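**Q** First, the structure itself, so that you have it in front of you.
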Amino acid sequence: MLEDENEDGNFVKIFKLAVDEDCNMRRITFPVLIKCSVGLSLLFVLGQFSLLLFCSCKCNHMEKRTDYTVKRIGRSESAGTNMECKEQIGRLNEKIVELEKLVKKYQQLDQFIITDEMTENKKSLNELTFLKSYSPRSEHEVIPFSAFDSRHVFGEIGFLSKRPRASPIGQQASELREVLNFALQDLNRDVESNNDRVTIDGFVEGITRNDFLHGTVYDLFFRSANSNNIFKRLKVLRPFQGIRKIGKPETIDTSNEIINIIIPLSGRIDKFIAFMDRLVGVGIRQDRRIFITVVYFGMEGREEVKKYFLKMSKEETFEDYKVIFTKEEFNRGRGLQKGAKSWKKGNVLMFFCDIDIYFDSSFLERCRLHTSPGSKIYYPVVFSQYNPSIIYGGRDPPSLKEQMNILPESGFWRISDLV
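The working numbering puts the sequence shown at residues 856 to 1274.
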């Protein structure tokens, strides 16, 4: 617009110079001067009017152009803002999905037990004993639990005779299937990946009993799909009206839980070495989460015990053991007390053991699952085997592991030790 004004101004200036030159060329009379003045005035007015008209048109054009440009810029900014909003909404939706997954994950691990903090965490989770509304006044009022796995039931549940083991049949089989299916559905409810799902193959064992005040109670343990040392525990109650779970599922990590096996001993070196060979295979080579404490009474056999542990420690690279020698006469209770007091490394699970017993690595895991510091102990019922020479009719007995068949003709539950 400034350039247009300069061009018009130059036009007027050029016209004035032409008039001046014409006036100088010839003599001007008064009437002619008046006519020239009037004409010049009219021409000046017309020039100003033309200039104003031109400027007005130019301004209108510029206003329209500016308005169009502003609208165009506004539309561009609006489109850019919409794109940014859509991108931000997309990022927020992705974040929401991630947070929902984290919430589900932490809900599943709501009662995760870390054995490094076993004393506080595990104890607090067992503060509410499983249906403890009734406190028996003596051991005769205690309703015992029976154990079962995916194929057999052990104990007296549903048996007309005192068979040590039986396959569940009839209503009992249907009941156990329904309970296990209920547990699997509950444990897998919020599991998204098939690799994390708990299956029936992961069922380790359960215990059950009939509570006359509440119904049938179950305590179920499943092995995690991702680790052999991670277990899922679910407590289930079938009341007299319908089945429901008790509390929330628990995740139990036994990977760092040490068992201190305390063995009082006096003499019987051959049986002790045979027991230790089995313990090396089960506890050291397989489980590797044990500590061995031997309290040896008397002088006879000391050197054999020392030599055995030195050799075993070197061959198995195992140093988690202690041998306490005492000159006192053999006393099992005194030996267990000495072994328990010798532990100085904080809280530990202790297994009071004899050398004439056989167990496998699954038994050690059950000890971890069924105990709680300061509130719950595990007292296993021993299956006493008949004389192998009588069972096998004079034939050479098979390996010790093959002899461990829980059958009526093999032996009996030594329940009398409990009362």
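Yeah, the Cβ is synthetic: ideal placement off N, Cα and C, and Gly gets one too. Note that this is a predicted model, so its numbers are computed, not measured.
#1: When burial is assigned at 16 or more other CB atoms within 10 Å of the CB, is D1211 buried or exposed?
#2: Do M1205 and N1115 count as a contact pair if the criterion is CB distance below 8 angstroms?
#3: Under three-state DSSP, which class holds E1112?
#4: Out of curiosity, what's the CA-to-CA distance linking E1159 and N1202?
#5: I'd like the span of the alpha helix (DSSP H) that includes Y1213, first residue to last.
#6: In terms of alpha-carbon separation, which member of N1081, F1146, S1029 lies closest to N852?
#7: Since F1152 and F1185 should fall inside the 8 angstroms C-beta cutoff, what is the C-beta to C-beta distance between them, to a whole number of angstroms?
#8: Taking the Cβ atom as the reference point for each residue, do C1208 and I1117 lie within a distance shorter than 8 angstroms?
#9: Look at F1127 and L1134 and say whether their C-beta atoms are less than 8 angstroms apart.
#10: Thinking C-beta only, is V1091 closer than 8 angstroms to K1100?
#11: I'd like the span of the beta strand (DSSP E) that includes F1206, first residue to last.
#12: Tell me whether the beta-carbon of L1035 lies closer than 8 angstroms to the beta-carbon of V1053.
#13: From the DSSP secondary-structure annotation, give me the bridge partner or partners of T1181.
#14: So, for M938: in the same chain, excluding its five sequence neighbours on each side, which residues have a beta-carbon less than 8 angstroms away from its beta-carbon?
#15: Measuring straight from C-alpha to C-alpha, what distance separates S1265 and K956?
#16: Which residues mark the beginning and the end of the beta strand (DSSP E) in which E1060 is found?
#17: Thinking C-alpha only, which one of L1219, P1228, G1249 is nearest P1235?
#18: Could you compute how far the alpha carbon of T1226 sits from the alpha carbon of I1245?
#19: Among the candidates W1198, E1155, V1149, whose CA atom is the shortest distance from the CA of V1178?
#20: Strictly by DSSP, which residues pair up with P1119?
#21: For the region 1214-1273, list the alpha helix (DSSP H) runs that are entirely contained and at least 4 residues long, ordered along the chain.
#22: Compute the Euclidean distance between the alpha carbons of I1267 and G1156, then round it to the nearest angstrom.
#23: Are G1061 and Y1073 close, meaning C-beta to C-beta below 8 angstroms?
#24: Are the beta-carbon atoms of F1077 and F1086 separated by less than 8 angstroms?
**A** Looking at the coordinates:
#1: exposed
#2: yes
#3: coil
#4: Roughly 31 angstroms separates the two Cα atoms.
#5: First-last for Y1213: undefined, no H or E at that position.
#6: Absent from the structure is residue 852, since the part of the chain shown begins at 856 and ends at 1274.
#7: 4 angstroms
#8: yes
#9: No, the Cβ-Cβ distance between F1127 and L1134 is not below 8 angstroms.
#10: yes
#11: 1204-1207
#12: no
#13: F1152
#14: none
#15: The alpha-carbon atoms of S1265 and K956 are separated by roughly 52 angstroms.
#16: 1058-1066
#17: Of the listed residues, the one whose Cα sits closest to P1235 is L1219.
#18: Spanning the two alpha carbons is a distance of roughly 37 angstroms.
#19: V1149
#20: V1150
#21: 1216-1224, 1243-1246, 1255-1258
#22: The displayed chain sequence assigns Phe, not Ile, to residue 1267. Near 33 angstroms, if we compare the C-alpha coordinates of G1156 and F1267.
#23: yes
#24: yes
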